[in-house]
Amino acid sequence: MAGTATYDAYGRVLTQTGTLTPFGYAGQYSDAATGLQYLRARYYDPATQQFLTVDPL
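Right under this line is the structure:
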């Protein structure tokens, strides 16, 4: 069964139906337990609209 999700501009889930994959907003990995999104180099928190670490150079 496929699922769908609707997001706000900052990546917060507004609505969801069905079974979702671990890939969420912008096709990035979303951790269902924490609500964080892994953007390959650092974690993003859509609830606070902030990255949790500095950008690695």
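Here the sequence shown stands for residues 0 to 56, where the numbers follow numbering that gives the first Met the number 0.
Glycine is no exception: its CB is placed at the ideal position from the N, C-alpha and C atoms.
Exposed unless 16 or more other CB atoms sit within 10 angstroms - verdict on residue i
i, result
"P55", "exposed"
"G59", "Not covered by the structure: residue 59. The range shown for the chain is 0 to 56."
Own chain partners of residue i with C-beta closer than 7 angstroms, once the 5 adjacent residues on each side are dropped
i, result
"P21", "Y28, S29"
Bridge partner(s) assigned by DSSP for residue i
i, result
"V12", "Y6"
Cβ shell of residue i (< 8 angstroms), same chain only, five flanking positions each side left out
i, result
"A40", "D54, P55"
"L51", "L35, R41, Y42, Y43, D44"
Close-in-space but distant-in-sequence residues of the same chain around residue i (CB under 6 angstroms, 5 per side omitted)
i, result
"T14", "T5"
| Complete runs of the alpha helix (DSSP H) confined to the region 19 to 52 [at least 4 residues] | none
| task | Determine, using beta-carbon pairs with one atom in the region 6 to 21 and one in the region 32 to 48, whether at least three such pairs fall under 8 angstroms. | result | yes
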